[in-house]
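Report on the structure given below.
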Amino acid sequence: HFGEMKTLCEIANPDFGIITNIGTAHIEFLKNREGIAEEKGKLFKYLKEKNGFGFINSDEELLKQQTRGLKKKLTFGFNSKADVRGKVLSLNNLAQPVLRVTYRNKSVVINLPTFGIHTAQNALCAAAVGLKFGVSLRKIKSALESFKSYDKRMQVIDLDGYTIINDAYNANPDSMRMAIQTMKLMNGYFQKLAVLGDMLELGEYSEKYHRELAHYLKENGIQKVFFFGELTKSSFEEALKLELDVKHFDDKKQIADEIKNILPEGSLILLKGSRKMKMEEIIDYLKG
């Protein structure tokens, strides 16, 4: 909500601050991306007033206004003007990025163990923080290459011949698009199935974003989709118009049973939805 960032800053009293990006999470309460940038940007305003230090994503246009006047800062991004510059050199068959990080004319190439091109931005941000605190590029490479993903956050699991992307921790339109894009880039699977639950806290934009989801699936070549939840009924309706191979369910055990019935071994499954949807429970039903 508007005003919460100021309160949180007063409680935490930070000396350093990072805003990774401006997405659509919290849009129900902050109205649009500009509102989100304004509220998140209060972190930098607080740091400016107390002469604190900011790590700034210089690829994010909406943050430029919020960071004006901040004297102590380090920028990171995939543009030539960033202090800490990144470039994705390639992706392997699992959509794991190879990232080059450059700082003060020194570079290191990092084979990220994470899934999805979007994870390179998070790694670049982490590298910027490490560099500020005197960690060498060599140690940053070692740390990032040994990173293990958290439970339910782009976690890849092998189960009974299936490869499952368990990204069920939460969902908003941006993270949903990133997960679908990652699924598209992962190669070598017999079939691909997206199992998607409701995206909550979208307010008046809810139907719009759920309908757009169907179009994004089609654009990325994800033909087979199972939807779960009340809000995804609009996604389901839109996907039918687009002639995708889709089903809608109200029961997770039925989803697991249908997966076992129709999906051959060697297939890739994406599980994603907002936290309240608990999409990871489908894994338990598959095990059962």
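Note that the sequence shown covers residues 14 to 301 in the numbering used here.
Glycine included, C-beta positions come from ideal geometry on N, C-alpha and C.
Exposure label - residue i; buried when at least 16 CB within 10 Å
i    : result
E217 : exposed
I140 : Residue identity check: residue 140 is Ala in the sequence provided, not Ile. Result: buried.
I1   : What is shown of the chain runs 14 to 301, which leaves residue 1 out entirely.
E251 : buried
Q109 : buried
L56  : buried
Opposing strand residues paired with residue i [DSSP bridges]
i    : result
L284 : N179 and V208
T88  : I69
Y116 : V97 and K119
S103 : V111
F262 : F241
N124 : V111
As assigned by DSSP and simplified to three states, the class of residue i
i    : result
T33  : coil
H14  : coil
D270 : helix
V142 : helix
K237 : strand
I319 : Coverage of the chain is limited to positions 14 through 301, which leaves residue 319 absent and any answer about it impossible.
N64  : coil
R81  : coil
H131 : coil
H39  : coil
P277 : coil
K289 : helix
(message) Assess contact between the stretch 48-61 and the stretch 218-229, defined as three or more Cβ pairs (one per stretch) separated by less than 8 Å. Is contact present?
(response) Too few Cβ pairs lie closer than 8 Å, so no.
(request) Count the CB pairs spanning the stretch 163-182 and the stretch 124-139 that are closer than 8 Å, and state whether there are at least three. (result) Yes, since at least three Cβ pairs between the stretch 163-182 and the stretch 124-139 fall closer than 8 Å, the two stretches touch.
(message) Count Cβ pairs between the stretch 143-150 and the stretch 181-198 that sit closer than 8 Å; are there 3 or more?
(response) The stretch 143-150 makes no contact with the stretch 181-198, as fewer than three CB pairs between them are under 8 Å.
(message) Does the structure place the stretch 190-200 close enough to the stretch 289-301 that three or more beta carbon pairs sit under 8 Å?
(response) Counting Cβ pairs under 8 Å, fewer than three are found: no touch.
(message) Could you check whether the stretch 202-209 touches the stretch 27-44, counting it as contact only if at least three pairs of C-beta atoms, one from each stretch, sit closer than 8 Å?
(response) Counting Cβ pairs under 8 Å, fewer than three are found: no touch.
(message) For the stretch 58-75 against the stretch 84-92, do three or more pairs of beta-carbon atoms, one drawn from each stretch, fall closer than 8 Å, so that the two count as touching?
(response) Contact holds: three or more Cβ-Cβ distances are below 8 Å.
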